[in-house]
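Engineer:
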Amino acid sequence: MPYWLMKSEPDEFSVTDLEKRETGRWDGVRNYQARNHLRAMQPDDLFLFYHSSCPIPGVAGIGRIVRGAYPDPTATDPQSPYFDPKTAGSGRNPWSAVDVAHVETFAQVLPLTALKAEPALAELALVQRGSRLSVMPVGEREWAQILRMARSSQAI
DNA sequence: GCCAACGTTGGC
DNA sequence: GCCAACGTTGGC
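As numbered in our numbering, residues 32 to 187 make up the first sequence, in order.
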């Protein structure tokens with residue numbers, strides 16, 4: 032089963048927000064590469080919930096896909112901050128959303144700095160120079176490594 | 001707030 | 001189809 036990582040600004044939508052609501056819709060992705068990853072997701076796939084553009088960027092918890100990709104309604108909703116006029120005018124919606132459920136909130140965020148410092152994670156797309164991709168696959172070995180790191184940082 | 005890196009747009 | 005200009009992402 033594939034694993035994923037998805038970025039969100041915690042001011043907008045954090046792992047604790049997801050925890051409170053239990054489920055949510057992951058929408059607003061407006062990059063084709065990221066969208067293609069969304070479309071590859073299947074129910075029960077797990078993902079790392081990454082907090083970006085915040086005091087401590089890093090992996091904050093785990094979520095699970097509960098519904099595979101479907102047309103992103105925010106693209107055609109003029110009230111949405113993710114409204115895409117081009118999509119709305121075209122009658123065809125190229126953007127995708129998935130539904131997600133909360134699995135776990137880490138006691139502490141596993142910071143990006145720790146991920147970058149770990150040689151076993153050198154291949155991770157997240158730590159590549161200049162990577163801005165907001166939805167990306169995570170290899171099984173990397174997944175296991177990141178969970179180990181998250182667990183051990185909680186034990187401190 | 002700065003800036004590097006990247007994606008997108010639009011003139012030609 | 002090229003490529004400069006612009007906008008966005010996201011760490012620092």
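No residue lacks a Cβ here, since even glycine has one placed at the ideal position from N, Cα and C.
Predicted model only: the values in this text are computed from it and were never measured.
Counting C-beta neighbours from all protein chains within 10 Å, is the total for A100 16 or more, i.e. buried, or is it exposed?
Structural biologist: Looking up residue 100 in the first sequence gives position 69. The residue in question, A100, is buried, as its Cβ has 16 or more Cβ neighbours within 10 Å.
Engineer: Could you name the residues of the same chain whose beta carbon sits closer than 6 Å to that of D130, not counting the 5 residues immediately before and after it, in chain order?
Structural biologist: As a working mapping, residue 130 is identified with position 99 in the first sequence. So the list reads R56, V97, R98, once near-sequence residues are dropped.
Engineer: In three-state terms, what does DSSP make of S183?
Structural biologist: The residue given as residue 183 occupies position 152 in the first sequence. Of the three classes helix, strand and coil, the one that applies to S183 here is helix, per DSSP.
Engineer: Does the distance from the C-beta atom of E50 to that of G89 stay below 9 Å?
Structural biologist: Residue mapping note: residue 50 aligns to position 19 of the first sequence, counting from 1. Residue mapping note: residue 89 aligns to position 58 of the first sequence, counting from 1. No.
Engineer: Leaving out the 5 sequence neighbours to the left and right, which residues in its chain are closer than 8 Å to P109 when beta-carbon positions are compared?
Structural biologist: Start at 1 with the first residue of the first sequence, and residue 109 comes out as number 78. Taken in chain order, the residues that qualify are A119.
Engineer: Should the segment 158-167 be called in touch with the segment 120-128, which here means at least 3 C-beta pairs below 8 Å?
Structural biologist: Not touching, per the Cβ criterion.
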